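Below is one structure, written out as structure tokens; the observations come after it.
Numbering (the working numbering), first residue to last: 8 to 120.
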């Protein structure tokens with residue numbers, strides 16, 4: 008065996024299976040986001056939406072999660088990048104903190120409105 012085939016076989020060995028990705032994105036991410044959106048709407052309006060609309064929201068988010076899981080499985084090179092430089096890591100961290108502070112401010116403003 009050559010070095011490239013050894014490397015390729017170990018890379019493929021580390022790759023999660025299609026079923027696992029579909030379960031994570033379609034079975035966990037989709038319902039979680041749909042539930043959070045439903046609770047957020049209920050908190051905002053103080054009324055629960057009709058059951059059909061809630062069920063449709065769950066179906067839509069589960070389908071989006073399954074499609075995303077399929078894309079991640081079929082095109083893994085789109086999601087695996089080079090190791091970022093130190094400057095890129097610091098920039099991403101600062102951007103993340105700024106976005107989280109902005110989100111916290113928005114939620115705080117909504118709660119006190």
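For every residue, glycine included, the Cβ atom is placed at its ideal position computed from N, Cα and C.
All figures in this text were calculated on a predicted structure; none of them were measured in a lab.
If you draw a straight line from the Cα of residue 75 to the Cα of residue 119, it is about 36 Å long.
The way I'd put it, the segment 27 to 38 does touch the segment 71 to 91; three or more beta-carbon pairs between them come closer than 8 Å.
Assigned with DSSP and collapsed to three states, residue 72 falls in helix. Within the model, the alpha-carbon separation for residue 67 versus residue 47 is close to 17 Å. Distances from the CA of residue 43 to each of 26, 61, 57 were compared; the closest alpha carbon is that of 61. When secondary structure is reduced to three states using DSSP, residue 25 falls in the helix class.
In this chain, the alpha helix (DSSP H) harbouring residue 52 covers 37 to 52.
Between the C-alpha atoms of residue 82 and residue 53 there is a straight-line separation of about 42 Å.
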